[in-house]
Structures are given as structure tokens and as C-alpha cells.
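The opening residue of the sequence shown carries number 13 in the numbering used here; numbering runs sequentially from there.
Encoded as C-alpha cells, the structure appears first; notes follow it.
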Amino acid sequence: MHLIGSLASPFVQRCLIVARAKGHDLAIEHPPGGSMQSDEFQSISPMGRIPILALDDGGHMCESGPISMYLDEMLDGPALLPEDRASRGRVREIEAIAAGEFAAGLRPTMVHRIFRASENEPVVLAGIAQSDRGAVALARLMQDSGSLYAVGDTISLADAALVPFLTLAMGTSFQPEIGDLLARHSFLTAYLDRALADPVLARTSNEMKAAFAGILARLDHPVPA
Ligand SMILES: N[C@@H](CCC(=O)N[C@@H](CS)C(=O)NCC(=O)O)C(=O)O
Numbered sequence: 013m014h015l016i017g018s019l020a021s022p023f024v025q026r027c028l029i030v031a032r033a034k035g036h037d038l039a040i041e042h043p044p045g046g047s048m049q050s051d052e053f054q055s056i057s058p059m060g061r062i063p064i065l066a067l068d069d070g071g072h073m074c075e076s077g078p079i080s081m082y083l084d085e086m087l088d089g090p091a092l093l094p095e096d097r098a099s100r101g102r103v104r105e106i107e108a109i110a111a112g113e114f115a116a117g118l119r120p121t122m123v124h125r126i127f128r129a130s131e132n133e134p135v136v137l138a139g140i141a142q143s144d145r146g147a148v149a150l151a152r153l154m155q156d157s158g159s160l161y162a163v164g165d166t167i168s169l170a171d172a173a174l175v176p177f178l179t180l181a182m183g184t185s186f187q188p189e190i191g192d193l194l195a196r197h198s199f200l201t202a203y204l205d206r207a208l209a210d211p212v213l214a215r216t217s218n219e220m221k222a223a224f225a226g227i228l229a230r231l232d233h234p235v236p237a
């Protein structure tokens, strides 16, 4: 079993955190056919996106949320969903808002401002408003969390989602609206600072920063220190 994708992708890192927190190092491979546009990759990725989990029986799975859940269920090691039902619900709420609102809202900035695929400022600004609403919701859901982690005292699927998406936001904070968003929601950066005391989460942050710095430099953007 291995992951197809790149260390720069927060969605790939979400899956890597799950495997690593359980004590497994999943190998990462480039898309077959040499690129995400290749027929080989498109035939195994229904949305044409990374990550894809390549299974030992030759099958493939898409979407970082379902892949994370699958890895948590099938790999040996500590469970990344708490035993307690209410805490389990809280982890799933945070995952859903982190991916479906906070990270989804950053996508137009990535497409139109970072990769400059085309110009569409109204969509970029609507995305940032979506991330902002997600951040407001996360503040409510995480208000009881004073520990290193988002829910309770151990790493969970919530941290596996939050840390890569927040690292992406930090890496794009030279975009003024994203810098402002992070300043408005300082609990997010405070959480990220705490979470990086965990070596698995710190590894993701370091890998993403290094990989993302290369992409930003290639695209002539400022590289955050
Ligand atoms: N909902 C997907 C999102 C994955 C995603 O957006 N991946 C990006 C890389 S970070 C990608 O493949 N983008 C290429 C594209 O959208 O064409 C997931 O959770 O796995």
C-alpha cells in the first residue's frame, strides 16, 4: 500500500499523519504516467486529484477524509478516534469544518492567485469569506481545547486535518486577506504552535514548508521564512 501525491499537499499530509501517528511510514509515489494529467492517473483518480491510496490488491481509494478513516481502521496502532462518543462526534465536526469550509475556501486563492491558472477575484474573495466562517466555527468547537491537541489529550483525526490546512494558510499568509484572516483568528495559530510539539505533526509542518517553498520560488512568490 502507498500514497500517490506530493509532500506539499495538505490533503496528502492529512493521510500521512494518520499512518505515522499509528507508527507506519507510508511510501509516497508520483502520479503514474508522470503527471496528474496522464491517462494513467486520471483512470485511478475519479476527481483527478491527489491523494490516491494505492491498495495492495491493486485497487485505489480517493479523498483524504475516507482515506484517513480507512487507514485508522486498518493499520495497527493507537486509534485516532476517541472512545467516548461525544468526543468522537467533536473530532468529526472539526474534520468536516476544517476540510469542507476552511480548506475549501483557500482553494480559489491557490488556483487563481498562487498558481495563477486564471483570474477570478470575486471567487477568491468568496473563498476567503468561506474560510473565515470556518474559522469562526472552529473557534466555537475548539474552545475547550487547552491541550496540545484539538480534542482531548491525544492526537486524533481532527489534528490530522487541522495541522496541514493551517500550515497551508500560514504558507500563503503573504496574501493580505489570508494574513488578516490568521490575525483575526489567532486561536488557530496558537493551536498550531502547541500542536507542533508533537513530532508527527511537526514533521508534516517541516515537510510542507520545504516542499511549498520550492513551489512558491518557482512561481516567483515570496517564500515565507
Ligand atoms: N477533497 C479532496 C481534495 C484534494 C485536493 O484538492 N488536492 C489537490 C492538491 S493539494 C489537487 O489534487 N488539485 C488538483 C486539481 O484540483 O486539479 C481530498 O480531500 O482529498
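Using N, Cα and C, we set each Cβ at its ideal position, and we do this for glycine too.
These figures come from a predicted structure and were not determined experimentally.
Any heavy atom of ligand 2 closer than 8 Å to the Cβ of residue i?
i: Phe23; result: As for ligand 2, it is missing from this structure, which binds only ligand 1.
Would you give the residue range spanned by the alpha helix (DSSP H) that residue i belongs to?
i: Leu200; result: 198–207
i: Met182; result: 169–183
i: Leu213; result: 211–230
i: Met86; result: 76–86
Taking Cβ positions, are residue i and residue j nearer each other than 9 Å?
i: His197; j: Leu150; result: yes
i: His14; j: Leu38; result: yes
i: Ala31; j: Leu93; result: no
i: Ala110; j: Phe23; result: no
i: Ile62; j: Ser18; result: yes
i: Ile126; j: Leu231; result: yes
i: Phe224; j: Leu160; result: no
i: Glu95; j: Leu169; result: no
Identify which residue in the options has its Cα closest to the Cα of residue i.
i: Ile190; options: Asn218, Thr121, Tyr203, Glu219; result: Thr121
i: Gly77; options: Asp51, Leu67, Arg104; result: Arg104
i: Ala173; options: Glu52, Ile79, Ala237; result: Ile79
i: Gly46; options: Arg26, Ile16, Thr201; result: Ile16
i: Leu28; options: Met48, Pro43, Ile64; result: Ile64
i: Ala33; options: Pro211, Ser130, Ala138; result: Pro211
i: Val163; options: His124, Glu133, His233, Ala207; result: Ala207
i: Ala222; options: Met182, His36, Ile167; result: Met182
Do three or more CB pairs link the stretch 51–59 to the stretch 149–163 at distances below 8 Å? no
Does the stretch 137–145 come into contact with the stretch 110–117, if we say contact requires no fewer than three beta-carbon pairs (one atom in each stretch) closer than 8 Å? yes
Tell me the start and end of each unbroken alpha helix (DSSP H) in the stretch 95–162 that is at least 4 residues and wholly inside, in chain order. 97–109, 116–120, 133–153
In the stretch 21–69, which residue ranges form an unbroken beta strand (DSSP E) of at least 3 residues, counting only runs that do not cross its ends? 39–41, 64–66
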